[in-house]
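In UniProt numbering, the protein residues as written are 1 to 344.
So the structure is just underneath, and the comments pick up after that.
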Ligand code: PMP
């Protein structure tokens, strides 16, 4: 077989990861495969794969705006939350500018900071995995961008809304704050911040969200940002022509239609998170107070990497010995408990 045909044959056979893999717990993916209605919409969208999507994704923008009750001019889109963040760095920074973030944080942030040739300033989390808002605000004085993840990745912790507002009051208005809400749908509604009111008070904030987590569409790369009309105009200018695949619009529309089923899935995941945390705690293993679809086991003298090494479980291990574990099915939970149980 010629090399290209061999490559194509290999790809057709092995390009897709398994949708249901109780051991895939390292990327904070949703453990459920697409809902039937979303699957049908995706299949429909593929029938027109020979056609370009919209030049600029205006319809997806309006759909999301309508769903969350904000004007379309305040919504921007990207290839996942990562794409939106990249647009923001392109729009608001110049090489050499400082970007401030917690350490550890979502792995993508140091990567995009480097791509934008920014100077990285990190502020350690406190021992319980919370953001050090005083440290971040101090560092923001000389920075162009400050990143706050709420809930935080990898610890899942979530600072109270009042503390976020106190922090934002301390950040200079010429620094852009990326408030990353990639996991907000997993947090209890009392923790959600009213974005319109927030942006009216703090016009230097860009809220970043994604369909990769609670909506379970990580493979489709759909993210959005919310900002004042003025900042959103600058961000929208970064939108790539034909940059959002046609699958995005149909999958988001079908997901909104099936919101009840998605909410039920979110409830199942958060209930599983509580169960796993409770069992680990009963076994004497501390986890941070996580409000997302994962939890964090700080090292506390143990190298979790070694504990999970020969278990077949893929979890995200950190250099200091800590580990982040995505919440999956009950089978995943039992596998994690069994691994941790071995080392007691
Ligand atoms: N922000 C945070 C905090 C994340 O954990 C992730 C993904 N792990 C992202 C953003 C990026 O998500 P995506 O680009 O898939 O939307």
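Think of the CB as a built atom: it goes at the ideal place given N, C-alpha and C, for glycine as much as any other residue.
If you're wondering where the values come from, they're calculated on a predicted model, not measured in any experiment.
Spatial distance of residue 8 from residue 321 (CA atoms): To locate residue 8, count along the chain shown from 1; it is residue 8. To locate residue 321, count along the chain shown from 1; it is residue 321. Their backbone Cα atoms lie some 40 Å apart in a straight line.
Under 7 Å between C-beta atoms of residue 70 and residue 156: Translated into positions along the chain shown, residue 70 becomes position 70. Translated into positions along the chain shown, residue 156 becomes position 156. Result no, Cβ atoms of residue 70 and residue 156 do not sit closer than 7 Å.
Touching by the beta-carbon criterion (3+ pairs, under 8 Å), the region 211 to 221 and the region 180 to 190: yes
The ligand PMP heavy atom lying under 6 Å from the CB of residue 229: Residue mapping note: residue 229 aligns to position 229 of the chain shown, counting from 1. Residue 229 Cβ: outside cutoff for every heavy atom of the ligand PMP.
Unbroken alpha helix (DSSP H) run spanning residue 103, endpoints: Taking the chain shown and counting its residues from 1, one reaches residue 103 at position 103. Segment 98 to 103 is the beta strand (DSSP E) holding residue 103; no alpha helix (DSSP H) there.
Nearest-angstrom beta carbon gap, residue 102 and residue 121 [assumed within contact, 8 Å]: Translated into the one-based positions of the chain shown, residue 121 becomes position 121. Translated into the one-based positions of the chain shown, residue 102 becomes position 102. Actually they do not touch by this definition, with Cβ atoms about 11 Å apart.
First through last residue of the beta strand (DSSP E) which encompasses residue 325: For the purposes of this step, residue 325 is taken as residue 325 along the chain shown, with counting starting at 1. It spans 323 to 326 - the beta strand (DSSP E) in which residue 325 sits, taken as one unbroken run.
Exposed unless 16 or more other CB atoms sit within 10 angstroms - verdict on residue 192: In the chain shown, the residue the question calls residue 192 occupies position 192. Classification for residue 192: exposed.
Sub-7 Å separation of residue 178 and residue 195 beta-carbons: Within the chain shown, residue 178 is the residue found at index 178, counting from 1. Within the chain shown, residue 195 is the residue found at index 195, counting from 1. Not in contact: residue 178 and residue 195 (Cβ atoms no closer than 7 Å).
C-alpha distance - residue 337 paired with residue 276, whole-angstrom precision: Start at 1 with the first residue of the chain shown, and residue 337 comes out as number 337. Start at 1 with the first residue of the chain shown, and residue 276 comes out as number 276. Roughly 8 Å between the two C-alpha positions.
Alpha carbon of residue 92 to alpha carbon of residue 160, nearest angstrom: By one-based count along the chain shown, residue 92 stands at place 92. By one-based count along the chain shown, residue 160 stands at place 160. Computed Cα separation, rounded: 28 Å.
Own chain residues within Cβ distance below 7 Å of residue 141, not counting five before or after: By one-based count along the chain shown, residue 141 stands at place 141. Here the set comprises 172.
Sequence ranges, alpha helix (DSSP H) only - wholly within the region 142 to 186, length at least 4: 161 to 170
Beta-carbon proximity of residue 143 to residue 175, cut-off 7 Å: Looking up residue 143 in the chain shown gives position 143. Looking up residue 175 in the chain shown gives position 175. Cβ atoms of residue 143 and residue 175: closer than 7 Å.
Where the beta strand (DSSP E) through residue 296 begins and ends: If you number the chain shown from 1, residue 296 lands on position 296. Where residue 296 is concerned, the enclosing beta strand (DSSP E) stretches over 294 to 297.
Of the residues 146, 324, 242, 264, the one placed nearest residue 289, counting alpha carbons only: Numbered from its first residue, the chain shown carries residue 289 at position 289. For residue 289, the nearest C-alpha among the options comes from 324.
Of the listed residues 124, 63, 229, nearest to residue 74 (C-alpha basis): To locate residue 74, count along the chain shown from 1; it is residue 74. Residue 229 is the option with its Cα nearest to residue 74.
Local conformation of residue 112 per DSSP, three classes: Translated into positions along the chain shown, residue 112 becomes position 112. The answer is helix: DSSP assigns residue 112 an H, G or I state.
Residue interval of the alpha helix (DSSP H) (run including residue 275): In the chain shown, residue 275 corresponds to position 275, counting from 1. In the DSSP assignment, residue 275 falls within the unbroken alpha helix (DSSP H) covering 259 to 282.
Unbroken beta strand (DSSP E) run spanning residue 314, endpoints: Counting from one through the chain shown, the residue named residue 314 turns up at place 314. 314 to 317 is the extent of the beta strand (DSSP E) around residue 314.
Bounding residues of the alpha helix (DSSP H) (the contiguous stretch that carries residue 14): Here residue 14 refers to the residue found at position 14 when the chain shown is read from its first residue. First-last of the alpha helix (DSSP H) with residue 14: 3 to 14.
Residue 329 CB to nearest heavy atom of the ligand PMP below 6 Å: Taking the chain shown and counting its residues from 1, the one referred to as residue 329 is at position 329. Answer for residue 329: no, Cβ out of range of the ligand PMP.
Beta-bridge pairing of residue 216 - partner residues as DSSP gives them: Mapped onto the chain shown, residue 216 falls at position 216. None; residue 216 has no bridge partner.
Nearest to residue 53 (by Cα), restricted to the options 152, 242, 282: Counting from one through the chain shown, the residue named residue 53 turns up at place 53. Minimum Cα distance to residue 53 is reached at 242.
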